[in-house]
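The opening position of the sequence shown corresponds to residue 899 in the numbering used here, with each subsequent residue numbered one higher.
Built from N, CA and C at the ideal position, the CB exists for glycine as well.
Working notes, beginning with the structure itself.
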Amino acid sequence: MPVPPRPRIPLPDLPRPRAWMVLLGAMAAALPLATALPDGASHAVAAEPAVPVAPPSAPADRGPPPAPQPAADIRSQVVWRKSIAHGTPNDGWLEQGVVLPAEGPGFYTYDPLTQTPPNLPGRRTGTATLVREVIDLGGWWAAHHPAGPRLGVGDLSETSGGAFDLHVSHRNGTDVDIRLPRRDGVEGPASPLSYDRALTQELVDWWVARGALLVLYGPHLSLSGPAGEVEVWPNHDDHLHIRIPDPDGTGN
Ligand SMILES: [Zn+2]
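This is how it looks when you write it as structure tokens:
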């Protein structure tokens, strides 16, 4: 099934130095994974816990796949509102955010603080556009990979956006983190040793086709995409960071 294209949108301005960047260095000891994003946003992620990695030759028995659930059904469970992404991803807030369901066709959510599903509603709130995109992604993924693994969706933004513990970006409802699919099919934390390169590249390509502003991946992963849009960034070896435009709002 081809990915429906979206109009390409110019990248945001490139970084400008900020006072917090200096502070970030001082915070490094306490929060060693904090990093600045190339557009001036910053983002920190929870360290990946030590998880035994099953060899590719021994895929886990995850049982039968969940019964198919049409994407239309999950969309009907969402309280849709006209969201407004104010300001920028690293210095903004979210008005009338929409909560992504805890799970749906092709995806589940997880709390990056505990690395376990589901994520809290207050951590999976985004613009209506972002929530719609994630649900669409899940539906597309489920159709292409009905036996799984489903995609693990981490943080979007907090209920009203703004400062968000692990992140310096993720403030206005236009950012989302997604785990790397694993070769062994386990729906859990991934690493450069356990991720499925081909599946992860599919994920990157989907977001590029949909007009994502930014897709970040870690330096120990082997992925590709248009320069300036798909970029290597430190501390993203266990997930992708995706930023989308916000055509419905005033921000971004
Ligand atoms: Zn992120």
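Could you check whether residue j and residue i sit closer than 8 Å to each other, using their CB atoms as the reference points?
i: Leu1111; j: His1139; result: no
i: Gly1046; j: Gly1020; result: no
i: Asp1136; j: Pro1087; result: yes
i: Pro1117; j: Asp1053; result: no
i: Leu1049; j: Arg1022; result: no
i: Ile1033; j: Gly995; result: no
i: Gly1024; j: Leu998; result: yes
DSSP three-state call for residue i: helix, strand or coil?
i: Arg1080; result: strand
i: Ile1140; result: strand
i: Leu931; result: With a pLDDT of 39 at Leu931, under the threshold of 50, the modelled position of this residue cannot be trusted, and the question is left open.
i: Trp1131; result: coil
i: Val977; result: coil
i: Ala1107; result: helix
i: Ala983; result: strand
i: Val1119; result: What sits at residue 1119 in the sequence shown is Leu, not Val. It is coil, neither helix nor strand.
i: Leu998; result: coil
i: Leu1112; result: strand
i: Leu1011; result: coil
i: Val951; result: Bear in mind that a pLDDT of 37 at Val951, under 50, signals an unreliable position, so the number given afterwards is only what the model happens to contain. Looking at Val951 - three-state DSSP - the assignment turns out to be coil, as it is neither helix nor strand.
Give me, in chain order, the residues of the same chain whose beta-carbon lies closer than 6 Å to that of residue i; leave out the 5 immediate sequence neighbours on both sides.
i: Trp1095; result: The sequence as given places Arg at residue 1095; Trp does not occur at that position. Correct list, in chain order: Ser1120.
i: Pro1016; result: Ala1000, Thr1007
i: Pro953; result: Per-residue confidence for Pro953 stands at a pLDDT of 38, beneath the threshold of 50, marking its modelled position as unreliable; the derived number appears in the next sentence. Cβ within range, chain order: n/a, list empty.
i: Val1130; result: Pro1117
i: Phe1005; result: Gly1036, Arg1048, Leu1049, Val1051
i: Trp1039; result: Gly1004, Leu1049
Closer than 7 Å by C-beta to residue i: which residues in its own chain qualify, once you throw out the five before and the five after it? Chain order, please.
i: Arg1141; result: Pro987, Thr1072, Asp1073, Ala1110, Leu1111, Leu1112
i: Glu993; result: Ser981, Ile982, His984
i: Pro1124; result: Val1106
i: His1134; result: Leu1114, Tyr1115, Gly1116
i: Leu1097; result: Pro1079
For residue i, I'd like the list of residues in its chain whose CB is within less than 8 Å of its CB, leaving aside the five on either flank, ordered along the chain.
i: Arg1069; result: Gly985, Thr986, Pro987, Asn988, Asp989, Gly990, Trp991, Leu992, Ser1055, Gly1059, Gly1060, Ala1061, Phe1062
i: Thr1014; result: Tyr1008
i: Gln1099; result: Leu1121, Ser1122
i: Arg973; result: Arg1030, Ile1033
Beta carbon of residue i: closer than 7 Å to some heavy atom of ligand 3?
i: Ser1055; result: Here the bound small molecules are ligand 1; ligand 3 is not part of this structure.
Using 8 Å as the cut-off, can you tell me whether the segment 979-999 makes contact with the segment 1029-1038, which would need three or more C-beta pairs spanning the two stretches below that distance? yes
Every unbroken beta strand (DSSP E) within the segment 1014-1098, with a cutoff of 3 residues, ordered by chain: 1049-1051, 1073-1077
Report yes or no: do the segment 1091-1106 and the segment 1061-1069 share at least 3 C-beta pairs separated by less than 8 Å? no
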